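So the sequence shown is residues 1 to 152, counted in UniProt numbering. Idealized CB from N, CA, C, for every residue including glycine. These figures come from a predicted structure and were not determined experimentally. Step one of this worksheet: look at the structure below.
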Amino acid sequence: MTFETLKPEVSNVVANQGKTVDERLLSICKLLEKHIEHYNWVGFYFRNGNKEELLLGPYVGAPTDHTVIPFGKGICGQVAVSNKNFVVPDVTAQDNYIACSISVKSEIVIPIFVNGENIGQIDIDSNTPDPFSEADERFLEFVCENVSEMLS
């Protein structure tokens with residue numbers, strides 16, 4: 001499926017009031033991981049209340065030990081501080097990278113804002129070197145905007 005084909009699918013998942021928020025987030029993870037070949041691990045991290053840390057939310061892919069990430073640590077922790085998208089074409093080139101799996105070659109993290117506040121992010125790992133394009137960023141921003149509306 002193309003990004004444009006996936007957009008209505010994402011919107012349908014978000015609009016499904018019969019499911020809990022976590023069920024809908026997991027459905028989004030499954031949808032993206034299944035239909036986008038270079039998305040090998042898809043998950044959400046959310047701010048832990050007022051603490052300067054992220055907690056792992058729903059995800060699909062290999063299990064991870066990184067269930068709590070301090071702000072500033074790793075790519076996700078950096079996005080929690082910068083409030084900006086972070087595309088990493090080669091994780092080995094990042095000094096502050098937290099390795100989840102030796103098969104991961106690249107990563108993209110897009111923040112989720114609710115009422116102007118960064119409350120979390122979508123995190124995608126790829127086993128393919130440098131697969132993420134501007135189209136991935138725009139699509140994932142769309143996903144995050146939908147998730148934001150669901151969480152508002």
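Q) Given N118, which residues of its chain have a CB within under 6 angstroms of its CB, disregarding the five upstream and five downstream residues? A) The residue given as residue 118 occupies position 118 in the sequence shown. Excluding its 5 nearest sequence neighbours in each direction, N118 has C-beta neighbours in its own chain below 6 angstroms: N83 and P111, listed in chain order.
**Q.** Proximity of V10 and I36 at Cβ, strictly below 8 angstroms
**A.** Here residue 10 refers to the residue found at position 10 of the sequence shown. Here residue 36 refers to the residue found at position 36 of the sequence shown. No, they are not a contact pair.
Q.
Residues in the same chain with beta-carbon distance under 7 angstroms from N16, minus the five sequence neighbours each way, listed in chain order, please.
A. The residue you call residue 16 lines up with position 16 of the sequence shown. The residues are R24.
Q) Among residues of its own chain, excluding the 5 on either side of F46, which ones have a beta-carbon nearer than 7 angstroms to its beta-carbon? A) Position 46 of the sequence shown holds residue 46. So the list reads L54, L55, G57, I119 and G120, once near-sequence residues are dropped.
Q | When N96, V109 and T92 are compared against S103, the one with the closest alpha-carbon | A | The count along the sequence shown starts at 1 and reaches residue 103 at position 103. T92 is the residue among N96, V109 and T92 whose C-alpha sits nearest the C-alpha of S103.
Q.
Considering only their Cβ atoms, is the gap separating I108 from F132 smaller than 8 angstroms?
A. Here residue 132 corresponds to residue number 132 of the sequence shown, with the count starting at 1. Here residue 108 corresponds to residue number 108 of the sequence shown, with the count starting at 1. Yes, they are a contact pair.
Q: Would you kindly work out how many angstroms separate the C-alpha atoms of D136 and K34, rounded to a whole number?
A: The residue given as residue 136 occupies position 136 in the sequence shown. The residue given as residue 34 occupies position 34 in the sequence shown. The C-alpha of D136 lies about 15 angstroms from the C-alpha of K34.
Q: Compute the Euclidean distance between the alpha carbons of C144 and Q94, then round it to the nearest angstrom.
A: The residue you call residue 144 lines up with position 144 of the sequence shown. The residue you call residue 94 lines up with position 94 of the sequence shown. Note on geometry: alpha-carbon atoms of C144 and Q94 lie some 24 angstroms from one another.
Q) Around the C-beta of N146, are 16 or more other C-beta atoms found within 10 angstroms, so that it is buried, or is it exposed? A) Your numbering for residue 146 matches position 146 in the sequence shown. So N146 counts as buried.
Q | Counted within 10 angstroms of its Cβ, other Cβ atoms place N40 as buried (16 or more) or exposed | A | The residue given as residue 40 occupies position 40 in the sequence shown. Result: buried.
Q | Separation of T2 from V14, as counted between CA atoms | A | As a position in the sequence shown, residue 14 is number 14, starting the count at 1. As a position in the sequence shown, residue 2 is number 2, starting the count at 1. If I take the Cα positions, the gap works out to 19 angstroms.
Q. Does DSSP put E52 in a helix, in a strand, or in coil?
A. Position 52 of the sequence shown, counted from the first residue, corresponds to residue 52. Here E52 carries a coil assignment [DSSP, helix/strand/coil].
Q: Please name the residue in E52, K7, G116 and H66 whose C-alpha comes closest to that of F44.
A: In the sequence shown, counting from the first residue as 1, residue 44 sits at position 44. It is H66 whose Cα lies nearest to the Cα of F44.
Q. Helix, strand or coil for G120 per DSSP?
A. As a working note, residue 120 is residue 120 in the sequence shown. If DSSP states are grouped into helix, strand and coil, G120 belongs with the strands.
Q. Name the DSSP beta bridge partners of R138, please?
A. Counted from its first residue, the sequence shown places residue 138 at position 138. According to DSSP, R138 shares a beta bridge with no other residue.
Q) alpha helix (DSSP H) containing P8: first to last residue? A) In the sequence shown, counting from the first residue as 1, residue 8 sits at position 8. Residues F3 to A15.
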